[in-house]
Amino acid sequence: MEASPSISLRMPLPLPSRGQSTRVRVGTSELVLESVRGGYSLLWSDGRSARRYSLGLPDDGAMELRFCAPKFPLRVVPRDVLALVPRARLSGYLQVPLVPTLRWLAGEGPGMDVIELAPNDLQAEWDEIQGPWQRCASSLHVRFPMRSGEAKVVVPVHVKNLGRDVLSPPFLPLHLTDGDLREKRDSIVVSPRRLVWNGESFAPTGPAAGYSAAGRA
Amino acid sequence: MGCVRRGLLAALVAVAACSPSSSELGEVAAELRALRLQARSASPPDAGAPQVAEALSPLRTALDGLLATQRDLQAQQVELAREMHRWTQLAAQPANAARSEEGLALAKRLQELEQKMAQQETRHREVETLLRGALDRTSERLESFLLQLQSLPRPTPAGDNASPASLATPPAAGASEPKQGTVDTGSGARAGGAGSRPGLSAPVGWWILLLGSVLVGGHLCVRAWRGRGAHAVPGRDAAGDAQQAHGAAPQAVPAPAPQSAEEIWAAAALLGEAVDRLRRGKDAVPNAPRPPRQPPGDLDFAGLDAGLDDRDLFVVEGLDDPGVTADAVEPVPAARPVLVPTPEAPPVAPAAAAPTSREAVAMPRMVASVLPRRAPAQLSFRLRPRDPAHACSALLKILREDPRVLQRPEPRVQGTGPEVVCQFAVLPGLPAGECSVLEQRLRDSVG
Numbered sequence: 040m041e042a043s044p045s046i047s048l049r050m051p052l053p054l055p056s057r058g059q060s061t062r063v064r065v066g067t068s069e070l071v072l073e074s075v076r077g078g079y080s081l082l083w084s085d086g087r088s089a090r091r092y093s094l095g096l097p098d099d100g101a102m103e104l105r106f107c108a109p110k111f112p113l114r115v116v117p118r119d120v121l122a123l124v125p126r127a128r129l130s131g132y133l134q135v136p137l138v139p140t141l142r143w144l145a146g147e148g149p150g151m152d153v154i155e156l157a158p159n160d161l162q163a164e165w166d167e168i169q170g171p172w173q174r175c176a177s178s179l180h181v182r183f184p185m186r187s188g189e190a191k192v193v194v195p196v197h198v199k200n201l202g203r204d205v206l207s208p209p210f211l212p213l214h215l216t217d218g219d220l221r222e223k224r225d226s227i228v229v230s231p232r233r234l235v236w237n238g239e240s241f242a243p244t245g246p247a248a249g250y251s252a253a254g255r256a
Numbered sequence: 265m266g267c268v269r270r271g272l273l274a275a276l277v278a279v280a281a282c283s284p285s286s287s288e289l290g291e292v293a294a295e296l297r298a299l300r301l302q303a304r305s306a307s308p309p310d311a312g313a314p315q316v317a318e319a320l321s322p323l324r325t326a327l328d329g330l331l332a333t334q335r336d337l338q339a340q341q342v343e344l345a346r347e348m349h350r351w352t353q354l355a356a357q358p359a360n361a362a363r364s365e366e367g368l369a370l371a372k373r374l375q376e377l378e379q380k381m382a383q384q385e386t387r388h389r390e391v392e393t394l395l396r397g398a399l400d401r402t403s404e405r406l407e408s409f410l411l412q413l414q415s416l417p418r419p420t421p422a423g424d425n426a427s428p429a430s431l432a433t434p435p436a437a438g439a440s441e442p443k444q445g446t447v448d449t450g451s452g453a454r455a456g457g458a459g460s461r462p463g464l465s466a467p468v469g470w471w472i473l474l475l476g477s478v479l480v481g482g483h484l485c486v487r488a489w490r491g492r493g494a495h496a497v498p499g500r501d502a503a504g505d506a507q508q509a510h511g512a513a514p515q516a517v518p519a520p521a522p523q524s525a526e527e528i529w530a531a532a533a534l535l536g537e538a539v540d541r542l543r544r545g546k547d548a549v550p551n552a553p554r555p556p557r558q559p560p561g562d563l564d565f566a567g568l569d570a571g572l573d574d575r576d577l578f579v580v581e582g583l584d585d586p587g588v589t590a591d592a593v594e595p596v597p598a599a600r601p602v603l604v605p606t607p608e609a610p611p612v613a614p615a616a617a618a619p620t621s622r623e624a625v626a627m628p629r630m631v632a633s634v635l636p637r638r639a640p641a642q643l644s645f646r647l648r649p650r651d652p653a654h655a656c657s658a659l660l661k662i663l664r665e666d667p668r669v670l671q672r673p674e675p676r677v678q679g680t681g682p683e684v685v686c687q688f689a690v691l692p693g694l695p696a697g698e699c700s701v702l703e704q705r706l707r708d709s710v711g
């Protein structure tokens with residue numbers, strides 16, 4: 040299967056017949072679901088490393104590959120130094136990796152996540168005050184990023200400094216949920232995020248500000 | 265005989281007197297031996313550096329002379345290289361001059377060609393004007409001729425019912441149809457009158473057909489000519505089309521002129537539509553309903569949003585229209601909790617004066633109140649690697665690259681003698697199978 044520059048939130052993964060395999064390419068990564076004796080074998084390779092899973096799946100159901108938002112709040116580390124003088128605003132696009140998730144759909148009920156293929160560029164951290172969060176790095180694109188087929192979501196951000204000092208944040212806090220993800224321009228995007236620095240901390244504002252605890256649908 | 269004997273004896277005596285004695289030879293040999301012994305017994309330091317230097321002084325002089333010669337040669341080579349460079353420049357200058365002459369000649373040639381093109385263009389315009397005038401005059405004459413025909417008495421009334429198409433014989437049917445279509449607005453009766461004369465119908469009809477074909481052919485020639493020159497003066501072509509579509513005689517203009525006019529009108533309509541859209545968009549901006557503000561109790565940061573313009577959105581499809589706000593694409597989750605800052609929540613971050621500090625950019629309080637703050641699962645186990653010295657770095661590399669491992673608290677790998685202790689935390693909710701596979705991967709890496 041050829042690499043497609045476009046990406047959609049859900050990609051069906053038909054169960055192969057015995058001896059056959061189903062291949063799905065996502066950017067530089069590839070997923071191969073193979074029917075073997077006694078079950079199914081799943082191979083996920085990102086070009087540098089590979090993970091292998093053995094799956095037991097019934098015949099009455101369907102498998103799909105979904106791209107989910109990171110579970111925990113994000114700290115996006117900009118690859119460029121951001122510096123905002125007081126009352127200044129900076130806008131751009133960030134790219135955040137998504138989590139490819141194999142979801143099993145049985146009957147009419149809600150599906151269940153079988154395997155989460157955590158991307159390597161999404162690192163998790165935890166402390167007693169903030170709890171868990173995930174960290175990733177991204178450039179602040181001034182234009183809508185070119186579609187690459189990678190499992191990433193484009194996040195438009197507005198950053199405004201209402202403090203009295205120059206703001207040079209070490210990271211931009213974001214929180215995404217699966218319900219926020221939309222398919223636009225053959226890419227996955229979310230509505231713009233507005234971050235206002237009030238002198239002490241970042242305050243998300245606007246309609247997309249609410250941090251939802253709904254999590255995954 | 266006696267004399268011979270005496271002579272031989274005298275010769276022997278003389279030879280014996282002239283040959284060196286053995287004692288002298290021995291003395292020389294002894295002297296040589298003594299010198300050799302003296303030379304052997306003399307120690308190397310005794311030879312002395314000054315003596316060596318003195319012995320080598322002629323060689324040094326020769327070397328100095330050689331070096332001086334070499335320097336002279338080098339200087340001469342440099343001078344020669346400079347001279348060669350000068351000569352090269354001198355040799356290249358004529359070539360450049362030739363090129364410049366070539367360039368001048370080409371420029372002249374280009375100017376000549378441009379002048380020729382301009383002359384041809386002027387000639388084309390003149391010919392076009394002549395043809396247009398001829399066509400206009402021909403159409404006027406044809407019209408007057410038709411008027412004269414109309415003024416003649418009609419021999420049979422049945423001729424009124426004769427269709428104009430009946431005049432147009434099958435070979436000229438294609439040419440007569442558009443003419444009839446254009447004539448229909450103003451001179452339908454004339455056309456009917458032209459075809460209603462049986463006595464004159466045959467020659468007059470043939471004359472009309474001949475004139476019509478000439479007109480159509482001339483017009484097609486003009487069109488083809490102007491089509492060739494369209495790249496040079498496109499605006500003039502369009503203007504000519506419009507002028508011909510509106511000002512030329514309707515009888516003489518077949519289908520192509522209205523077609524070009526239709527294109528122009530279609531383009532104008534599209535342009536007008538775009539301008540209208542722009543105007544509507546501008547008018548709609550001030551009247552566009554502002555997105556609803558967050559209720560004051562919903563977020564404490566509503567006041568901070570005062571400086572933000574919600575309509576200033578990004579170039580995301582669906583958001584480009586100024587009338588569309590973020591609400592249009594913002595999904596409404598089914599069960600979004602009301603995120604009220606909880607007073608019992610622990611302080612998120614110290615009130616940092618310096619915004620660049622890491623802790624100052626803390627998550628809002630509601631995030632901390634919503635997210636679980638349970639300590640993540642910790643994994644700790646001991647390994648007995650083959651090479652404890654390199655095992656720690658290898659294990660740490662794996663732990664830092666694996667996305668399932670939390671980077672804070674930082675994973676620890678401590679080597680205690682032959683054993684290595686690994687301690688790290690994994691993602692909350694990570695399945696036990698993943699934990700086990702991760703541990704086994706670490707064991708295999710140092711096994």
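So the sequence lines, in the order shown, correspond to chains A and B.
Counting in our numbering, the first sequence runs from 40 upward without gaps.
Counting in our numbering, the second sequence runs from 265 upward without gaps.
In this text, a Cβ means the ideal position worked out from N, Cα and C, and glycines have one as well.
Quick caveat, the model's predicted, so the values are computed rather than measured.
- In the three-state DSSP reduction, A:Ile168 falls in the coil class, being neither helix nor strand.
- The CB of B:Gln671 comes closer than 8 Å to the CB of Gln162, Ala163, Glu164, Arg174 in chain A, given here in chain order.
- Neighbours of A:Pro158 in chain B, taken as residues at a C-beta separation under 7 Å, are given in chain order as Pro667.
- Closer than 8 Å to the CB of A:Pro109 there is not a single CB belonging to chain B.
- Cβ proximity to chain A below 7 Å picks out Ala689, Leu691, Pro692 from the segment 677 to 694 of chain B.
- Only residues of its own chain outside the window of five on either side were considered, and among them Gln134, Val135, Pro136, Leu137 have a CB closer than 7 Å to the CB of A:Lys191, listed in chain order.
- Among the residues facing chain A, B:Pro675 is not included, as its CB has no counterpart in that chain under 8 Å away.
- Taking 8 Å as the cut-off, the Cβ atoms of A:Pro139 and A:Leu156 count as close.
- For the segment 640 to 664 of chain B, the set of residues with a beta-carbon nearer than 9 Å to any beta-carbon of chain A comprises Pro640, Arg664, in chain order.
- For B:Glu392, the secondary structure class from DSSP, reduced to helix, strand or coil, is helix.
- In the structure shown, A:Leu48 adopts coil according to DSSP, grouped into three states.
- If you ignore the 5 residues before and after A:Leu81, its C-beta comes within less than 6 Å of the C-beta of Leu72, Tyr92, Leu94, all in its own chain and listed in chain order.
- Here A:Leu179 is not near A:Asp225, since their CB atoms are 8 Å or more apart.
- Inter-segment contact for the segment 195 to 204 of chain A and the segment 692 to 711 of chain B is absent: fewer than three beta-carbon pairs are separated by less than 8 Å.
- DSSP, read as helix, strand or coil, puts A:Thr140 in strand.
- In this chain, the beta strand (DSSP E) harbouring A:Leu94 covers 89 to 94.
- When DSSP states are grouped into helix, strand and coil, B:Phe409 belongs to the helix group.
- In the DSSP assignment, B:Lys661 falls within the unbroken alpha helix (DSSP H) covering 652 to 665.
- The Cβ-Cβ distance between A:Thr61 and A:Asp85 does not fall below 8 Å.
- In the three-state DSSP reduction, B:Arg387 falls in the helix class (H, G or I).
- The Cβ atoms of A:Ala101 and A:Leu70 do not sit closer than 8 Å to each other.
- Residue range 211 to 213 is occupied by the beta strand (DSSP E) that includes A:Leu213, with no alpha helix (DSSP H) assigned at that position.
- With respect to A:Trp172, B:Pro673 sits apart: the two C-beta atoms are not nearer than 8 Å.
- For the 8 Å CB-CB criterion, A:Ser88 and A:Arg186 do not form a contact.
- The Cβ atoms of A:Arg232 and A:Val193 do not sit closer than 8 Å to each other.
- Assignment of beta-bridge partners to A:Ala101 by DSSP yields A:Leu144.
- For A:Gly188, the closest of A:Leu211, A:Val63, A:His214, A:Leu54 by C-alpha to C-alpha distance is A:Val63.
- Here DSSP, grouped into helix, strand and coil, assigns A:Lys223 to strand.
- The C-beta distance from B:Pro649 to B:Leu663 rounds to 14 Å, too long to meet the 8 Å contact threshold.
- Under the three-state reduction of DSSP, B:Glu683 is assigned to strand.
- Residue pairing by DSSP puts A:Met151 in a beta bridge opposite A:Trp143.
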